[in-house]
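Trainee:
Numbering (the numbering used here), first residue to last: 9 to 258.
#1: Over the uninterrupted beta strand (DSSP E) stretch that includes residue 49, give me the two end residues.
#2: Under the DSSP definition of a beta bridge, which residues are partnered with residue 105?
#3: Classify residue 250: buried if its beta carbon has 16 or more other beta carbons within 10 angstroms, exposed otherwise.
#4: Kindly identify the DSSP beta-bridge partner or partners of residue 198.
#5: So what does DSSP say about residue 154, is it helix, strand or coil?
#6: Given 8 Å as the limit, is there contact between the stretch 206–214 and the stretch 224–233, that is, 3 or more CB pairs closer than that?
#7: With residue 171 and residue 131 assumed to form a contact (beta carbons below 8 Å), what rounded beta-carbon distance in angstroms separates them?
#8: Determine the extent of the beta strand (DSSP E) in which residue 187 is found, giving its start and end residues.
#9: Would you kindly check if the distance between the Cβ of residue 187 and the Cβ of residue 198 is under 9 Å?
#10: Would you kindly work out how many angstroms separate the C-alpha atoms of residue 147 and residue 184, rounded to a whole number?
#11: In its own chain, which residues sit with a C-beta less than 8 Å from the C-beta of residue 145, not counting the 5 before and 5 after it?
#12: Do you know whose CA, among 101, 69 and 86, lies nearest residue 107's CA?
#13: Mind reading off the beta-carbon distance from residue 154 to residue 135? Whole number of angstroms is fine, and I expect it under 8 Å.
#14: Since residue 265 and residue 158 should fall inside the 8 Å C-beta cutoff, what is the C-beta to C-beta distance between them, to a whole number of angstroms?
#15: Since residue 47 contacts residue 9 with CB under 8 Å, what's their CB separation in whole angstroms?
#16: Using the Cα positions of residue 246 and residue 104, report the straight-line distance between them to the nearest angstrom.
#17: Helix, strand or coil for residue 247, going by three-state DSSP, please let me know.
#18: Would you say the stretch 115–133 touches the stretch 189–197, given that touching needs at least three Cβ pairs under 8 Å?
#19: Straight-line CA distance for residue 26 to residue 20?
#20: In the DSSP assignment, find the beta strand (DSSP E) that holds residue 134 and state where it starts and stops.
#21: Going by other Cβ atoms of all chains shown within 10 Å of its Cβ, with 16 needed for buried, is residue 94 buried or exposed?
#22: Alpha carbon to alpha carbon, what distance is there between residue 215 and residue 241?
#23: Give me whichever residues DSSP pairs with residue 149 in a beta bridge.
#24: Pick out whichever of 30, 24 and 23 has its Cα sitting closest to the Cα of residue 17.
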């Protein structure tokens, strides 16, 4: 499933890259999207979409039919450009609330649980959090985009540590975006303005990086989100080159 932000649709591909279906269209009605940024599925095949331009998260069934939406609560107001989604092992949904500089957490029935973080540069604070993921122990890893770092939180949302900082040396970032783990527990991060992917241990130790600015195979121009499949193939949204690149990684 690919969130095509400029086409305002979800593109469904098979495992060889052939298109199977397109879901949605541009608009603000149920099942329509505006600059969607992320789509994930739960164990029952339901799709959860960060409908960024409409300031909501939509839930569709496996056939693409609208089920529900999350977007406005008296508890905190409403989203300002939600960007990414992740489930913990309990089925709680975590959402990066880009414009509100925080993470929102909901239970499996879409009830609001809590907010993690606020606007700022201190540990546990964010400047436009963009992507997030969980490790096997339910620790939360968040790409803190304009603070040029990855922040790590325990399962209760308490701050643990920071990975990286602004720069171009190994282990540093210039606007990190996608974050994902492989089966060995290595953390992959798309380093947008350094045009590379960096790899770390779960505790933040730099392992290696690959890629450089360019249009050739294995090169990137402003890589965005990334993810790994069950066979540890890495899929990188090479946004500036308008393509997705696939890698075999260790």
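Glycine included, every Cβ here is placed at the ideal spot set by N, Cα and C. Predicted model only: the values in this text are computed from it and were never measured.
Mentor: Reading off the structure:
#1: Within the chain shown, the letter at position 41 stands for residue 49. Residue 49 -> beta strand (DSSP E) spans 46–49.
#2: If you number the chain shown from 1, residue 105 lands on position 97. Answer is 90 and 110.
#3: By one-based count along the chain shown, residue 250 stands at place 242. With fewer than 16 other Cβ atoms within 10 Å, it is exposed.
#4: Mapped onto the chain shown, residue 198 falls at position 190. Partner(s): 205.
#5: For the purposes of this step, residue 154 is taken as residue 146 along the chain shown, with counting starting at 1. In this structure, residue 154 counts as helix in the three-state DSSP scheme.
#6: Put simply, the stretch 206–214 does not touch the stretch 224–233. Fewer than three CB pairs are less than 8 Å apart.
#7: Stepping through the chain shown from its first residue, residue 171 is reached at position 163. Stepping through the chain shown from its first residue, residue 131 is reached at position 123. The Cβ separation is near 12 Å, so there is no contact.
#8: The residue given as residue 187 occupies position 179 in the chain shown. Residues 184–189.
#9: For the purposes of this step, residue 198 is identified with residue 190 of the chain shown, where counting begins at 1. For the purposes of this step, residue 187 is identified with residue 179 of the chain shown, where counting begins at 1. Taking 9 Å as the cut-off, the Cβ atoms of residue 198 and residue 187 count as close.
#10: The count along the chain shown starts at 1 and reaches residue 147 at position 139. The count along the chain shown starts at 1 and reaches residue 184 at position 176. For residue 147 and residue 184, the distance between alpha carbons rounds to 18 Å.
#11: In the chain shown, counting from the first residue as 1, residue 145 sits at position 137. Excluding residues within five positions, the ones whose Cβ falls inside 8 Å are 163.
#12: In the chain shown, counting from the first residue as 1, residue 107 sits at position 99. For residue 107, the nearest C-alpha among the options comes from 86.
#13: Translated into the one-based positions of the chain shown, residue 154 becomes position 146. Translated into the one-based positions of the chain shown, residue 135 becomes position 127. Taking 8 Å as the upper bound for CB-CB distance, residue 154 and residue 135 are in contact here, some 4 Å apart.
#14: Residue 265 lies beyond the stretch modelled for the chain, which goes from 9 to 258, so this question has no answer here.
#15: Taking the first residue of the chain shown as 1, we reach residue 47 at position 39. Taking the first residue of the chain shown as 1, we reach residue 9 at position 1. Confirmed, Cβ separation roughly 5 Å.
#16: Numbered from its first residue, the chain shown carries residue 246 at position 238. Numbered from its first residue, the chain shown carries residue 104 at position 96. About 21 Å.
#17: Walking along the chain shown from the start, residue 247 turns up at place 239. Here residue 247 sits in helix by DSSP.
#18: Verdict: no, contact absent.
#19: As a first step, residue 26 must be located in the chain shown, where it is residue number 18. As a first step, residue 20 must be located in the chain shown, where it is residue number 12. Going from the Cα of residue 26 to the Cα of residue 20 covers about 8 Å.
#20: By 1-based counting over the chain shown, the position of residue 134 is 126. That residue, residue 134, is in no beta strand (DSSP E); it is neither H nor E in DSSP.
#21: Position 86 of the chain shown, counted from the first residue, corresponds to residue 94. Per the 10 Å Cβ criterion, buried.
#22: Position 233 of the chain shown, counted from the start, is the residue given in the question as residue 241. Position 207 of the chain shown, counted from the start, is the residue given in the question as residue 215. In this structure, the straight-line span from the alpha carbon of residue 241 to that of residue 215 is close to 18 Å.
#23: Position 141 of the chain shown holds residue 149. Paired residue(s): 141 and 160.
#24: Walking along the chain shown from the start, residue 17 turns up at place 9. Among 30, 24 and 23, the Cα nearest to that of residue 17 belongs to 30.
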